[in-house]
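Residue numbers (our numbering), protein chains in the order written: chain A, 1 to 158; chain B, 159 to 876. Here the structure comes first, spelled out in structure tokens, and everything after it is commentary.
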Amino acid sequence: MEETISFQLNGKQTELKIDPTQTLLWVLRNNLGFTGTKYGCGIGFCGSCIVLIDNEPVRSCSVTVGEVKGKSVVTIEGLSKNGELHPVQKAFVEHDALQCGFCTPGMIMNAAGLLIKNPSITRDEIISGMEDNLCRCGAHVHIIDAVESAAKEMKGGK
Amino acid sequence: MKNNKTKTQVSKKNSGRRGMERRDFFKLVGGGVVIFFLPRCAGDPVPVAEPGKRSLPKDYNAFLKIDEDGTVSCFTGKIEQGQGINMALVQMMAEELNVPMEKIKMVMGDTELCPWDGGTWGSLTVRQFGPNMRRAAAEARGVLLELASNKLKVPASQLVVNDGVISDPNNPGKTFTYGQLAKGKKIDKYLDVKPEPENYTKYTFVGKSFKRPDAGAKVTGKAKFTGDMRLPGMVYARIVRPKSLSGKLTSVDYSEAEKIEGVKVVRDGELVAVLHENLVVAGRALEKIKADYSYDEIGVDNKTIFESMLKADSTANVEESAGDNEAGFKLCDKVIETEIHDPFLAHAFIETHSALASFEGEKLTVWASSQTPYPLQDALASHFSMPLNKVRVIVPFVGGGFGGKSKNQQAMEAARIAKACGKPVMVIWTREEEFMYDNFHTAGVLKIKSGIDKSGLIKAWDYHSYFCGTRGAEIIYDMPNHSITSHGHKEGTPRVHILDTGPWRAPNNNTNTLGRELQIDRLAAAAKMDPVEFRLKNLKDQRVIDTLKAAVELFGYVPAKKYPSGRGIGVAVGTDVGTMVAEIAEIEVDMKTGKVKVIRIACAQDMGLCVNPHGATMQMEGCLTMALGYTFTEEIRFEGGNVIDRNYDTYELPRFSWVPKMETIILDRPDQPPHGGGEPAIIAVGAVICNAIFDATGARLYQMPFTPERVLEAMKKA
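Written out as structure tokens, the structure reads:
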């Protein structure tokens, strides 16, 4: 049964009439056109569909759109502010932390979430925090470097 | 340049391939200076086409164009899948034409705009395509200098080029940009020349490090992959599949599925698809379909396949041989026999196979995650009996390929369904479909028998590969008596590989390098020699020797007093289509659990001229990281024609915490042709870890991957 669901999407109030049991991933991609969030496995294992829900990194293939009612959802498209890349995005470019780029949105969203929770994150904590995001091209070292340098930048270069 | 033979006009024969006259060609691409070229050298034999497939063209398969606005474009059927050729090729062109890199545009993988190409694989782009593209760029430069020379009334040899601007040093006030010179021109030339080694000492762009040009699009979600495309009226298709690969559809009832609002089911022979504008709804409707299949009995599974390979009635081709092995074995003091089993592997790129197909009037357009847009165009044209120029294939960003996006099954499905339903159709394979219908790294068996004399020299080498080819098995050691035999499928016998097989990053080189380097290591242990010293004593290929020495220095390797030494250090060398690698790794084995942790790995690579050291280093690191999967966890289990591992939960890819400290070095070989570096570093990781486990524990493993259970089992036997 369809119902009206409203939530904040990338800072904007969004409302749609939809079956609330649909997965958030496909609602974002199909109904709302935010295709930066990727499908990789559908069972919450690869992390390429990660978005922030109330600042928490969540695998959007494993939550329904009904569950985000009244919450704030941020996708990769909503991470930059006023045309300025988020420090994690900037660091991914600077460190060439990607190859094919398909896992990249999920990597960046997960890292952004980690840094919100723990601004003083250590390299080991970054590794364990990113552990469940899969990258097949093998850009891992560059990704860790990027997240580490973004963390430093967000703390004011300390 | 003086050897260049150029034709000033496109002959009918040449333009016919594209079904296009010269005037039409310029209508499509606009005016300017155009140089056509081939990915191979003139005079090289033209590969023979397989029946029903197009051969490599005799005239051209790419072109380079100087636009009226000064933009330099290179049109090629190659595709970018993360490997970074979209930067390396730009560097090579900027170098030759002396233009800023921002002025260069790569137009790739669109069958309507680009000439035919067989596909993107085998580290071929930089190795084969690159030098010819550079020649074409040099040719274009020559044409532009000629044009400027006519305008300035001074010989071309007197002119200089700087950042795409031609000037006469004696008359610096008067200059021409490439754009000004190309304006209003319709000049086209053929490049028909064998590239010669050049003086590589004054490079500006080539040999310098550059980052990816597409990172900005990829970090913002703006980069469009096939599954992100959208067309008006488009529907998503979910396909009805059997439980096992051998299933043949006997009956299907989709009345319940069609009760769901907006759902349509179409059938084209065996292909039954559920359509809806919302993928989730299509997926729910799919579950309502009742389909019956008949299944073949398939007795072979992932455990018994190796035995079935050895028992199969196969062909035996001696691919390389010298001397007399029988006489060689008589000279041996120690003879060692080894049998190695290597399983099927999934490509497991994160982007599953996707395609969007749309018929508009008499024209079919297909967007596909594919490494082979032209063979796909051929297949579509032939399936629908359409002329080639009515079928367009476009490859957007590709989310990883590694050889696995070469068969295009999903694109054929999308097109057939689009034809059946009359709407644009998107097919995005689920991960579970991916693990069933992807083609897999070829499982295989190696049997190697070899021996050394009392002085530790290899006197006999008898190498047999079963159903996994011999790429990487080349003789790089001094082996006066040797033979390499490949056992393969014999016509008229049942297929040995139950699963579909295809290229998987450096196809089968992982297998063969493991085989050779494990055997060499056993010989070293038998000779009671340090494994590096044993290799240096027996190697004959100077490039491999130099590469190994570079790895030794990079790692800071100290020879072992005895072997195994207990230190957990392994070494392996290898060669992949002209590139040499040497790797030394240090590991730790948990003696209780059998779990192996790689502490560090040093990798040296001689890839000839390295166009983009940063890009090449990323490829090396990517190879070393990806290889941890086939070394420790990846193995496709199957039973009764059904793949058991259907998602990442049981098919485990390398993770962040697995990645060791990686040190890499690329040997400085600017005077050598480029050999490419997308694959080589992956080939020796299985071997180097295998040898390190032996050094740590004295246990030898002969079956990939090296799971904790297998390590413990081998330790018990040691």
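Beta carbons: idealized from backbone N, C-alpha and C, even for Gly.
Where does residue 209 of chain B land, buried or exposed, given buried means 16+ other C-beta within 10 angstroms? As a working note, residue 209 of chain B is residue 51 in the second sequence. Residue placement at residue 209 of chain B cannot be trusted, given a pLDDT of 47 that sits under 50; what the coordinates show is reported in the next sentence. So residue 209 of chain B counts as exposed.
Please name the residues in the region 433 to 452 of chain B whose beta-carbon is closer than 7 Å to at least one beta-carbon of chain A, in chain order. Flagged, chain order: 436, 437 and 438.
Using C-beta distances below 7 Å, list every residue in its chain close to residue 139 of chain A, excluding the 5 sequence neighbours before and after it, in chain order. Within the first sequence, the letter at position 139 stands for residue 139 of chain A. Exclusion of the five residues before and after residue 139 of chain A leaves 97, 98 and 99 as the residues of its chain whose Cβ lies within less than 7 Å of its Cβ.
Listed by chain order, chain A residues near residue 768 of chain B by CB distance under 9 Å: Numbered from 1 along the second sequence, position 610 holds the residue referred to as residue 768 of chain B. Within chain A, no C-beta atom comes nearer than 9 Å to that of residue 768 of chain B; the closest sits roughly 16 Å away.
Does the beta carbon of residue 373 of chain B come closer than 8 Å to any beta carbon on chain A? Walking along the second sequence from the start, residue 373 of chain B turns up at place 215. Closer than 8 Å: yes.
Rounded C-alpha distance that separates residue 599 of chain B from residue 793 of chain B: Taking the second sequence and counting its residues from 1, one reaches residue 599 of chain B at position 441. Taking the second sequence and counting its residues from 1, one reaches residue 793 of chain B at position 635. It is roughly 10 Å from the alpha-carbon of residue 599 of chain B to the alpha-carbon of residue 793 of chain B.
What are the residues in the region 808 to 819 of chain B lying within 8 Å of chain A by C-beta distance? Answer set for the region 808 to 819 of chain B: 811, 812, 813, 814, 815 and 817.
Tell me, please, whether the region 822 to 842 of chain B touches the region 490 to 500 of chain B by the rule of three or more beta-carbon pairs shorter than 8 Å. A contact is defined here as three or more CB-CB pairs under 8 Å, and the region 822 to 842 of chain B fails this definition with respect to the region 490 to 500 of chain B.
Can you tell me where the beta strand (DSSP E) holding residue 733 of chain B begins and where it ends? Taking the first residue of the second sequence as 1, we reach residue 733 of chain B at position 575. Element bounds for residue 733 of chain B: 727 to 734.
Could you pull the DSSP bridge partners for residue 59 of chain A from this structure? Here the question's residue 59 of chain A lines up with position 59 in the first sequence. The partner list for residue 59 of chain A (beta bridge, DSSP) reads A/50.
Against chain B, does residue 8 of chain A count as a neighbour if the rule is that its beta carbon must be under 8 Å from one of theirs? As a first step, residue 8 of chain A is located in the first sequence; it is residue number 8 there, counting from the start. Chain B, which has no Cβ nearer than 8 Å to the Cβ of residue 8 of chain A, makes this no.
Should residue 668 of chain B be flagged as near chain A, meaning a C-beta pair shorter than 8 Å? The sequence position of residue 668 of chain B within the second sequence is 510, counting from 1. Interface residue (Cβ-Cβ distance to chain A less than 8 Å): residue 668 of chain B is not classified as such.
Those residues which DSSP pairs with residue 425 of chain B across a bridge: Taking the first residue of the second sequence as position 1, residue 425 of chain B is located at position 267. Looking at the DSSP output, residue 425 of chain B shares a beta bridge with B/430.
Please specify which runs of the alpha helix (DSSP H), each continuous and at least 4 residues long, are wholly inside the region 804 to 860 of chain B, giving them in chain order. Listed in chain order, the complete alpha helix (DSSP H) runs (minimum 4 residues) inside the region 804 to 860 of chain B are 843 to 855.
When the cut-off is 8 Å and only beta carbons count, does residue 579 of chain B lie next to chain A? Working through the second sequence from its first residue, we reach residue 579 of chain B at position 421. Judged by the 8 Å Cβ criterion, residue 579 of chain B is not in contact with chain A.
Just how far apart, CA to CA, sit residue 214 of chain B and residue 275 of chain B? As a first step, residue 214 of chain B must be located in the second sequence, where it is residue number 56. As a first step, residue 275 of chain B must be located in the second sequence, where it is residue number 117. Bear in mind that a pLDDT of 47 at residue 214 of chain B, under 50, signals an unreliable position, so the number given afterwards is only what the model happens to contain. Spanning the two alpha carbons is a distance of roughly 7 Å.
If contacts are defined as beta-carbon pairs under 8 Å, then residue 507 of chain B and residue 464 of chain B qualify, I think. What distance do you get, rounded to the angstrom? Within the second sequence, the letter at position 349 stands for residue 507 of chain B. Within the second sequence, the letter at position 306 stands for residue 464 of chain B. Approximately 27 Å separates the beta-carbon atoms of residue 507 of chain B and residue 464 of chain B; this is outside 8 Å, ruling out the contact.
CA-to-CA distance, residue 807 of chain B to residue 767 of chain B, given in whole angstroms: Mapped onto the second sequence, residue 767 of chain B falls at position 609. Mapped onto the second sequence, residue 807 of chain B falls at position 649. Each residue's alpha carbon lies about 41 Å from the other.
For residue 67 of chain A and chain B, any beta-carbon pair shorter than 8 Å? Residue numbering aside, residue 67 of chain A sits at position 67 when the first sequence is read from its first letter. Taking Cβ atoms only, chain B never reaches closer than 8 Å to residue 67 of chain A, which makes this a no.
By alpha-carbon positions, which one of A/21, A/37, A/10 and A/42 ends up nearest to residue 588 of chain B? Position 430 of the second sequence, counting from 1, holds the residue named residue 588 of chain B. Comparing Cα positions, the closest option is A/42.
Is any beta-carbon of chain B found at less than 8 Å from that of residue 101 of chain A? Taking the first sequence and counting its residues from 1, the one referred to as residue 101 of chain A is at position 101. With 8 Å as the cut-off, residue 101 of chain A counts as an interface residue toward chain B.
Length-filtered (3 minimum) beta strand (DSSP E) runs lying within the region 482 to 533 of chain B: If we require 3 residues or more, the beta strand (DSSP E) runs fully inside the region 482 to 533 of chain B come out as 492 to 500, 512 to 518 and 521 to 526.
Endpoints, the beta strand (DSSP E) within which residue 640 of chain B is located: For the purposes of this step, residue 640 of chain B is taken as the residue at position 482 of the second sequence. Following the DSSP letters along the chain, one finds residue 640 of chain B inside the beta strand (DSSP E) bounded by residues 640 to 647.
Which bits of chain B does residue 64 of chain A rub up against, with CB to CB less than 7 Å? The count along the first sequence starts at 1 and reaches residue 64 of chain A at position 64. Going along chain B, no residue has its Cβ under 7 Å from residue 64 of chain A, so there is no contact; the nearest lies around 10 Å.
Note down, in chain order, each residue of its chain lying with its Cβ closer than 7 Å to the Cβ of residue 87 of chain A, except the 5 sequence neighbours on either side. Within the first sequence, residue 87 of chain A is the residue found at index 87, counting from 1. Contacts found: 150, 153 and 154.
List the residues of chain B whose Cβ lies closer than 8 Å to the Cβ of residue 80 of chain A, in chain order. Stepping through the first sequence from its first residue, residue 80 of chain A is reached at position 80. Residues of chain B with a Cβ closer than 8 Å to the Cβ of residue 80 of chain A are, in chain order, 378.
So residue 762 of chain B is in the beta strand (DSSP E); what residue range does that whole segment cover? Here the question's residue 762 of chain B lines up with position 604 in the second sequence. First-last of the beta strand (DSSP E) with residue 762 of chain B: 754 to 764.
Per-residue contacts from residue 75 of chain A into chain B (C-beta, under 9 Å): Here residue 75 of chain A refers to the residue found at position 75 of the first sequence. Residues of chain B passing the Cβ test: 379.
C-alpha gap between residue 344 of chain B and residue 192 of chain B, whole angstroms: One-based indexing of the second sequence puts residue 344 of chain B at position 186. One-based indexing of the second sequence puts residue 192 of chain B at position 34. C-alpha separation (whole angstroms): 8 Å.
Is the distance from the Cβ of residue 683 of chain B to the Cβ of residue 395 of chain B below 8 Å? Taking the second sequence and counting its residues from 1, the one referred to as residue 683 of chain B is at position 525. Taking the second sequence and counting its residues from 1, the one referred to as residue 395 of chain B is at position 237. The Cβ atoms of residue 683 of chain B and residue 395 of chain B lie no closer than 8 Å to each other.
Verify the CB distance criterion: does residue 105 of chain A have a CB-CB separation below 8 Å to chain B? Position 105 of the first sequence, counted from the first residue, corresponds to residue 105 of chain A. It does: the Cβ of residue 105 of chain A has a partner Cβ on chain B nearer than 8 Å.
Are any of the Cβ atoms in chain A nearer than 8 Å to that of residue 513 of chain B? Walking along the second sequence from the start, residue 513 of chain B turns up at place 355. No - not a single Cβ of chain A is within 8 Å of the one on residue 513 of chain B.
Using a C-beta cutoff of 8 Å, does residue 72 of chain A count as contacting chain B? Taking the first residue of the first sequence as position 1, residue 72 of chain A is located at position 72. So no, residue 72 of chain A is outside the interface.
Does the beta carbon of residue 783 of chain B come closer than 8 Å to any beta carbon on chain A? Here the question's residue 783 of chain B lines up with position 625 in the second sequence. Closer than 8 Å to the CB of residue 783 of chain B there is at least one CB belonging to chain A.
In the DSSP output, what is residue 473 of chain B paired with across the bridge? In the second sequence, the residue the question calls residue 473 of chain B occupies position 315. BP columns for residue 473 of chain B point to B/646.
Presumed contact (8 Å Cβ cut-off) between residue 680 of chain B and residue 729 of chain B, rounded CB distance: Mapped onto the second sequence, residue 680 of chain B falls at position 522. Mapped onto the second sequence, residue 729 of chain B falls at position 571. In this structure, residue 680 of chain B and residue 729 of chain B do not form a Cβ contact; the two beta carbons are roughly 13 Å apart against a cut-off of 8 Å.
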